[in-house]
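Reading through the structure tokens given below for one structure.
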Amino acid sequence: MSDPIVTDFSHHSAEFALRPFETLADMRAEAPIAWSTAHDGFWVVTDHQHIIDGLADYGRFSGSSQMRV
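For this note's numbering, count along the sequence shown from 1 and bump the result up by 45.
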């Protein structure tokens, strides 16, 4: 896996509240998997197949510690 895209995406932001579907579509097109630095860090996974893959690879995509790729 290449280095993930790092973003400051926040699902609590006013921008996301105004345009949730458009924001997720943009993220899905640009980086279907990204690491957000907001809220102490979490993975943002925006398409179904990547979600399935991430659930199967808990060790890599766990939010319990810092980003590991």
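Backbone N, C-alpha and C fix where the C-beta goes; we use that ideal spot for every residue, glycine too.
Among Ala83, Pro65, Trp88 and His84, which residue has its Cα nearest to the Cα of Ala76?
-> Here residue 76 corresponds to residue number 31 of the sequence shown, with the count starting at 1. Of the candidates Ala83, Pro65, Trp88 and His84, the one whose C-alpha sits nearest the C-alpha of Ala76 is Trp88.
Give a yes or no on whether the C-beta atoms belonging to Val90 and Gly99 are separated by under 8 Å.
-> Residue 90 sits at position 45 when you count from the first residue of the sequence shown. Residue 99 sits at position 54 when you count from the first residue of the sequence shown. Taking 8 Å as the cut-off, the Cβ atoms of Val90 and Gly99 count as close.
Beta bridge counterpart(s) of Ile50 as assigned by DSSP | Position 5 of the sequence shown, counting from 1, holds the residue named residue 50. Within the DSSP secondary-structure output, Ile50 pairs in a beta bridge with Ala79.
Leaving aside the five residues before and after Ile96 along the sequence, list all residues of the same chain whose C-beta is less than 6 Å from its C-beta, in chain order.
-> Residue mapping note: residue 96 aligns to position 51 of the sequence shown, counting from 1. Only residues of its own chain outside the window of five on either side were considered, and among them Val90 have a CB closer than 6 Å to the CB of Ile96, listed in chain order.
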